[in-house]
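Visitor: Chains A and B supply the protein sequences, listed in that same order.
All residue numbers for the first sequence refer to my numbering, where the first residue is 1 and numbers rise by one.
All residue numbers for the second sequence refer to my numbering, where the first residue is 1001 and numbers rise by one.
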Amino acid sequence: MKLPRFLIPSIITLFFIIVLLPIFSMMVVPFFSEIPGSLASDCSLFDSRHLTLARNSLGLAVGTTALCLIIGVPLAFLLSRANLWGNGILSIISIIPILIPPYIHAIVWTNLNDYFKCIFHCDVHSLWGAMFVLTLAYFPFVALATQGGLRRIDRNMEEASLLYHGRWKTLTRITFPLVMPHIFSGAIFVFIFSLIDFCVPDILRVRVYPIEIFIQFSAFYNERAAALFSLPLIVIAILLIVLQRWYMKDRAYIQVSLGLAKEITYNLGWFIIPACCFFFIILGLSTILPLVVLLNTAGSFSNYSMIFSTSIEQILYSFILAFIGAVLVMSLSFFVSYIIERAKTLTGTLLGFASFIPLAIPAITLGMGLIKVWNQPVVSIIYGSSFIVILGYIARFIPFSTIIGIAGLKQINPCLEEAAFLSTARWIKVIRGIVVPLSQKSLAIGFFFVFILSFGELSTTLLIIPPGRQTIPIKIYNLMHYGAHQMVAALCLILILIIFSFSGLFLLLYKKFTKNIRCSL
Amino acid sequence: MLTVDNVSKKYGNVEILKCLTLEISPGEIMALVGPSGCGKTTLLRIIAGLENPDEGRVLIDGTEVSTKNKLVAPNKRSLSMIFQDLALWPHMTVEKNIEFVIKRDKLTRNNYRLKIDEILANVNLYGYNNRYPHELSGGERQRLAIARALASKPMYLLMDEPFSNLDTILKGELQDMVMELKDNFRIGIIYVTHNIEEVFVLADRIAIINKGIMEQIDYKEKVLNYPKNEFVRRLLKIR
């Protein structure tokens, strides 16, 4: 189907202004800025701290990725290929850690520092501590990517091998190599997220690049130095994204299918006991323990009622911002993914790459970029209002919704659109009548993820929140620095409760919704 | 002798196979014919050991290999299968696809390579060793699938509509190849197809299945001359 002439330029312009402009503006700051002082003097900052920061940042990213692979890959195989009782429910449970923002894990483990020291013989306020905490927050990304890959493998490939070899050889020689690009993708995402994460190292007081960027910007008001410190991270992350996209080629990152094909499962025999223990230990550390610790720290019911009554405005504000942000992200990313998936031209390929760029940008740097672009006299209405936070959500989270959108579009045969186009000349009618209804599942999943991510977002919001306003994560961050541990724990629990309730509601609606789509197909 | 004895299979409440029985000897080609969804592929999967029957059993040379509670692993049945979509392993070259299924026995490295070359030459793929499946044409892929299926020296070969997407010339070439293989290696072949012409070219015997029930099983001449009922007559276009 031929896309209308106006669509591609208008979407690309919108995408450029909202997503790419803040990023590019920060990347050119070191070279074209009018800030007093020279580039050379700012570069000298690198000499003293650069090596330590690079070592810490890379060490944190490599360590977290390795640990996430050690946990995430076996977990995905266990959930997708083993004869575990209640695989479906366990798969849903395994996603729960993703719903808890990483900084809450950091807060929890700060409270458990004594136990951490006892078990691991090191302080949680260390590189190892940060690695451990980030692993608990990010291993589901590897598990989800691997599970997506396992679901995409043609069952016949594995069965063809089973005709000649046992299950172990089939698993290692056929299944594993076929799912390797997905594992690699998950690992790259975790590596980049750990490399650019600000909140966890900040809470655990680990000196990494994002912390230095924040210090340069907010303590020394040195925008150029902050931008300079961002560059190594951005270069590494972009190189990794290029590598990852080359390796993944045209594969979808996740599976948004009806899941009708039954997957091969292996009988684990007696090994099912250690496998279940592994699953429940991971679940315990990443989900149950944080809740228990927060409950214990929050103290009496009066603390909840007090923090709730003083935070209603922030809760509503966070909810409204996240909701509007998710709707707008989905609207833009729907067209972005449609162009990437259907316009098989250079423009589509470039847009595909550009849509991944925000993943490589530290949230703090993005916040600085947003300030630089929107803090201008002509558009001051944006800078001074909540709209800048929504723009921040769009710029940060559009890669996630685009990934999901592309996965959904890949499963719609273009012939369906062509058939509709033959009977109606109106492009918008085809989109409204065919593509949107068939993409409902991916749109819903995308909306859900962006909402959850926006609701818990802290790093970018920290810089761009308008005066006199607070989101829940910002309030948690501020209370934490005042040392109000009980209030922090209570508010964290309230945040988690809202996220869990929203997720539960989404799951219920999604199930009903999926049934309707199946019936309609 | 491969025997399917009173095999039944259900998916949920839907009965796919109902008390189905057949036998096939080495060196014989049996065509399984029937409309879509009649249970042909399910029957092949049960014979291959990829699924258990709910009732009945499968025997290979008198040994019980599949019952409701017993399942001899597919790799211990000395049979091969060519899947409808061929299921060539995309991350392996032509040579690796063959090497993966071959039994090394006590062959030296050189003899082993010679053996792979010989197998590839048998299906006119000599010299394609380092190509990946996606670099082959449709016909070459079919030939690779046949070569892979034969590389493990099976006693029985199960073919699930292997030539369904090929043009007439290519189909003819591959049918000749299957006939040669049958004569040279004395393999028992169960061949699922929708194509009636293919049935008459390849098959020694025909099994006609409808809604999981065996309508007729016999030598092709007999089926042609004495169709058991109207369904068989219509399916085989017998006037």
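We put the CB at the ideal spot given by N, CA and C, even for glycine.
Please report whether the beta-carbon of L1136 (chain B) lies at a distance below 8 Å from any beta-carbon of chain A.
Guide: L1136 (chain B) does not count as touching chain A.
Visitor: Starting from N1110 (chain B), follow the alpha helix (DSSP H) in both directions and report where the run begins and ends.
Guide: Taken as a continuous stretch (DSSP letters only), the alpha helix (DSSP H) holding N1110 (chain B) covers R1109 to N1122.
Visitor: Along chain B, in chain order, which residues have C-beta atoms closer than 8 Å to that of R173 (chain A)?
Guide: Ordered by position in chain B, the residues that pass the 8 Å Cβ test against R173 (chain A) are F1100.
Visitor: Going by other Cβ atoms of all chains shown within 10 Å of its Cβ, with 16 needed for buried, is L258 (chain A) buried or exposed?
Guide: Confidence in L258 (chain A) is poor, its pLDDT being 42 and thus under 50, which makes the residue's placement too unreliable to answer from.
Visitor: Can you confirm whether E263 (chain A), when its beta carbon is compared against all beta carbons of chain B, has any partner nearer than 8 Å?
Guide: It does not; no Cβ of chain B falls within 8 Å.
Visitor: I want to know whether the segment 54–68 of chain A touches the segment 466–478 of chain A - three or more CB-CB distances under 8 Å.
Guide: Taking 8 Å as the limit for Cβ pairs, the verdict is that the segment 466–478 of chain A does not touch the segment 54–68 of chain A.
Visitor: Please go through the segment 261–289 of chain A and give each complete alpha helix (DSSP H) segment of 4 or more residues, from N-terminal end onward.
Guide: DSSP runs (the alpha helix (DSSP H)) wholly in the segment 261–289 of chain A: 272–283.
Visitor: Which residue marks the beginning of the alpha helix (DSSP H) containing L443 (chain A), and which one marks its end?
Guide: Residues Q440 to F455.
Visitor: State buried or exposed for A1151 (chain B), treating a residue as buried only when at least 16 other CB atoms are found within 10 Å of its CB.
Guide: It counts as buried.
Visitor: Taking the alpha-carbon positions, what's the F353 (chain A) to V190 (chain A) distance?
Guide: The straight-line gap from Cα to Cα measures roughly 18 Å.
Visitor: Give a single yes or no on whether M180 (chain A) has its beta carbon closer than 7 Å to a heavy atom of the ligand HEM.
Guide: Absent from the structure shown: the ligand HEM. Ligands present: none.
Visitor: Closer than 7 Å between beta carbons: that is the criterion. Which residues of the segment 1030–1051 of chain B meet it against chain A?
Guide: Going along the segment 1030–1051 of chain B in chain order, one finds A1048 and L1050 with a Cβ nearer than 7 Å to chain A.
Visitor: Going by DSSP, which residues form a beta bridge with N1210 (chain B)?
Guide: B:I1213, per the DSSP bridge assignment.
Visitor: My assumption, with CB atoms under 8 Å, is that I1029 (chain B) sits in contact with Y1219 (chain B). Please give the rounded CB distance.
Guide: At roughly 11 Å, the Cβ-Cβ gap does not stay under 8 Å, so I1029 (chain B) and Y1219 (chain B) are not in contact.
Visitor: Below 8 Å between beta carbons: does that hold for L493 (chain A) and A298 (chain A)?
Guide: Yes, they are a contact pair.
Visitor: How is D114 (chain A) classed by DSSP in three states: helix, strand or coil?
Guide: Note: D114 (chain A) maps to helix in three-state DSSP.
Visitor: How about I1196 (chain B) and V1223 (chain B): are their beta carbons less than 8 Å apart?
Guide: No, these two residues do not count as a Cβ contact at 8 Å.
Visitor: If we count the other Cβ atoms within 10 Å of its Cβ and call it buried at 16 or more, is L134 (chain A) buried or exposed?
Guide: Flag for L134 (chain A) reads buried.
Visitor: Between A82 (chain A) and chain B, is there a C-beta pair that is closer than 8 Å?
Guide: Answer no: the Cβ-Cβ gap between A82 (chain A) and chain B never drops below 8 Å.
Visitor: Hey, is the segment 298–314 of chain A in contact with the segment 475–489 of chain A, meaning 3+ C-beta pairs nearer than 8 Å?
Guide: Yes: at least three Cβ pairs fall under 8 Å.
Visitor: With a cut-off of 8 Å, do at least 3 Cβ pairs link the segment 437–445 of chain A to the segment 391–410 of chain A?
Guide: They touch, by the three-pair rule.
Visitor: Quick one: is Q376 (chain A) buried, meaning 16 or more other Cβ sit within 10 Å of its Cβ, or exposed?
Guide: The residue is exposed, with fewer than 16 neighbouring Cβ atoms inside 10 Å.
Visitor: Name the residue from A:I315, A:G269, A:Y393 and A:L289 whose alpha carbon lies nearest to the alpha carbon of I107 (chain A).
Guide: When each option's Cα is compared against that of I107 (chain A), the closest is A:L289.
Visitor: For S1164 (chain B), which residues in chain A fall below 8 Å Cβ to Cβ?
Guide: The contacting residues do not exist; S1164 (chain B) stays about 14 Å from chain A at best.
Visitor: Can you check DSSP and say which residues form a bridge with D1160 (chain B)?
Guide: D1160 (chain B) pairs with B:V1192.
Visitor: Under 8 Å between the Cβ atoms of P399 (chain A) and R342 (chain A)?
Guide: No, these two residues do not count as a Cβ contact at 8 Å.
Visitor: So, G1062 (chain B) versus C1019 (chain B), is the Cβ gap smaller than 8 Å?
Guide: No, they are not a contact pair.
Visitor: Using the C-alpha atoms, what's the distance from S337 (chain A) back to L507 (chain A)?
Guide: Those two C-alpha atoms are separated by around 24 Å.
Visitor: So E1161 (chain B) and Q1084 (chain B) are in contact, right, with Cβ under 8 Å, and what is the actual spacing, rounded?
Guide: At roughly 5 Å, the Cβ-Cβ gap stays under 8 Å, so E1161 (chain B) and Q1084 (chain B) are in contact.
Visitor: Alpha carbon to alpha carbon, how far is L1144 (chain B) from E1051 (chain B)?
Guide: Their Cα atoms are separated by approximately 25 Å.
Visitor: Is the CB-CB distance between L90 (chain A) and F271 (chain A) below 8 Å?
Guide: No. Outside cutoff.
Visitor: Quick one: what's L1071 (chain B) bridged to in DSSP?
Guide: DSSP lists B:S1066 as partners of L1071 (chain B).
Visitor: Exposed or buried, what is F31 (chain A) when buried is set at 16 or more other beta-carbons lying within 10 Å of its beta-carbon?
Guide: Exposed, because fewer than 16 other Cβ atoms sit within 10 Å of the Cβ of F31 (chain A).
Visitor: Mapping the DSSP letters down to three states, classify A1203 (chain B) as helix, strand or coil.
Guide: Here A1203 (chain B) sits in coil by DSSP.
Visitor: I need the DSSP call for D202 (chain A), collapsed to helix, strand or coil.
Guide: In the structure shown, D202 (chain A) sits in a helix (DSSP, three-state: H, G or I).
Visitor: Tell me which same chain residues have a C-beta within less than 7 Å of the C-beta of K1228 (chain B), skipping the five on either side of it?
Guide: These residues qualify, in order along the chain: E1215 and Q1216.
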